[in-house]
Amino acid sequence: MLPFAEIIPSAVAPMAHDWSHLINFGFRLGVDAIALIVLVRVLYYPRHHNKDFVFSFTLFNVINFLICHLLSNNNLQVGFAFGLFAIFSILRYRTVAVPIREMAYLVSAVTLGLINALTELPAGWTELIIANVGLLGLTALLDRDGTLPHENTMFILYDRPELLLPDRRNELLEDLRLRTGLTIHRVQVDRIDLVRDMARIRVFHFSVSTPAIAESSGGDGD
Numbered sequence: 090m091l092p093f094a095e096i097i098p099s100a101v102a103p104m105a106h107d108w109s110h111l112i113n114f115g116f117r118l119g120v121d122a123i124a125l126i127v128l129v130r131v132l133y134y135p136r137h138h139n140k141d142f143v144f145s146f147t148l149f150n151v152i153n154f155l156i157c158h159l160l161s162n163n164n165l166q167v168g169f170a171f172g173l174f175a176i177f178s179i180l181r182y183r184t185v186a187v188p189i190r191e192m193a194y195l196v197s198a199v200t201l202g203l204i205n206a207l208t209e210l211p212a213g214w215t216e217l218i219i220a221n222v223g224l225l226g227l228t229a230l231l232d233r234d235g236t237l238p239h240e241n242t243m244f245i246l247y248d249r250p251e252l253l254l255p256d257r258r259n260e261l262l263e264d265l266r267l268r269t270g271l272t273i274h275r276v277q278v279d280r281i282d283l284v285r286d287m288a289r290i291r292v293f294h295f296s297v298s299t300p301a302i303a304e305s306s307g308g309d310g311d
């Protein structure tokens with residue numbers, strides 16, 4: 090039989106190892122949770138108010154974090170990252186159309202989960218914090234009002250097709266601005282119905298506040 094003094098260290102060592110892994114997991118999860126809250130609750134929701142996407146961003150982040158952390162090792166880390174990005178690229182084109190801005194937020198949520206689950210610790214904790222802060226800061230900078238003017242578009246059924254002549258373009262723009270209240274700067278003719286004396290036109294106007302879906306339709310009039 091082993092002496093009692095030798096049994097104690099052999100029993101305590103695995104427990105200490107388990108506690109080390111648990112602390113590592115808790116630290117990663119805490120960093121990821123803070124980053125996700127900032128991304129979803131501080132940056133996205135106050136501007137765009139879409140609870141469905143908040144639900145999607147949160148679940149995608151958590152699922153990716155858990156998969157990568159629980160199944161990863163030194164040989165599989167890069168494979169996991171590229172494999173998951175490939176899956177989401179496929180899902181992007183196989184599901185209901187997602188606005189570009191929301192897709193960017195989704196990729197950011199997935200990226201945060203990957204970074205926080207796979208970064209080597211404790212050696213890479215500085216890089217981990219910098220990566221999280223950098224990604225969130227860049228997102229906040231690009232999504233704030235006034236960063237860049239955005240050209241919004243919409244379709245309009247127009248009842249004065251005589252103004253569509255090239256030499257009356259200024260009159261057309263003034264009429265559209267007066268009737269819509271938008272600073273329309275260019276127009277494209279999509280369809281003209283000579284029987285009903287109507288036209289379906291696409292108008293363009295600049296805005297610093299970007300809606301989730303930039304293009305809307307006023308109907309085909311069919």
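In this note's numbering, the protein residues as written are 90 to 311. All C-beta atoms in this analysis are idealised placements derived from N, C-alpha and C, irrespective of residue type, glycine included. These numbers come from a predicted model, not from an experiment.
Environment of residue i [buried if 16+ CB atoms lie within 10 Å]
{"i": "A206", "result": "buried"}
{"i": "G202", "result": "buried"}
{"i": "N221", "result": "buried"}
{"i": "H110", "result": "exposed"}
{"i": "V120", "result": "buried"}
{"i": "F144", "result": "exposed"}
{"i": "R289", "result": "buried"}
{"i": "A229", "result": "exposed"}
{"i": "V131", "result": "exposed"}
{"i": "T208", "result": "buried"}
{"i": "A212", "result": "exposed"}
{"i": "F295", "result": "exposed"}
{"i": "N150", "result": "buried"}
{"i": "H274", "result": "exposed"}
{"i": "I204", "result": "buried"}
{"i": "L225", "result": "buried"}
{"i": "L160", "result": "exposed"}
{"i": "L227", "result": "exposed"}
Among the options, the one whose alpha carbon lies nearest that of residue i
{"i": "R117", "options": "M287, L155 and F146", "result": "L155"}
{"i": "T272", "options": "T215, H239, D256 and L254", "result": "H239"}
{"i": "I152", "options": "T200, D141 and P188", "result": "T200"}
{"i": "D232", "options": "C157, Y134 and V284", "result": "Y134"}
{"i": "I126", "options": "L159, T147, L224 and L210", "result": "T147"}
{"i": "R249", "options": "V131, G270, E216 and L283", "result": "L283"}
{"i": "Q277", "options": "A229, I123, R258 and G270", "result": "R258"}
{"i": "E191", "options": "T208, I219, C157 and H138", "result": "H138"}
{"i": "R266", "options": "D279, I281, V129 and V292", "result": "V292"}
{"i": "P188", "options": "F142, I218 and L160", "result": "F142"}
{"i": "R158", "options": "V129, L128 and G115", "result": "Going by the sequence as given, residue 158 is His instead of Arg. Taking only the C-alpha atoms, the option nearest H158 is G115."}
{"i": "I123", "options": "R136, L217 and D107", "result": "L217"}
{"i": "N113", "options": "W214, T269 and L252", "result": "W214"}
{"i": "R280", "options": "L253, D107, L262 and E260", "result": "L253"}
{"i": "T269", "options": "Y247, G172, D256 and L210", "result": "Y247"}
{"i": "R285", "options": "E263, E251, L262 and D264", "result": "E251"}
Helix, strand or coil at residue i according to DSSP, with G and I counted as helix
{"i": "E240", "result": "strand"}
{"i": "H138", "result": "coil"}
{"i": "S109", "result": "helix"}
{"i": "E209", "result": "coil"}
{"i": "R117", "result": "helix"}
{"i": "V187", "result": "coil"}
{"i": "R80", "result": "Nothing can be reported for residue 80, as the shown portion of the chain is limited to 90 through 311."}
Distance cut-off 7 angstroms: residue i Cβ against heavy atoms of the ligand GDP
{"i": "L148", "result": "The ligand GDP is absent from the structure shown, which contains no ligands of any kind."}
Chain D within 8 angstroms of residue i, Cβ atoms only
{"i": "H158", "result": "Although the question refers to chain D, the structure presented lacks it and comprises just one protein chain."}
Whole runs of the beta strand (DSSP E) within the region 242 to 305, excluding any shorter than 3 residues: 273 to 282 and 287 to 296
contact_flag[the region 186 to 202, the region 243 to 251] where n(CB pairs < 8 angstroms) is 3 or more: no
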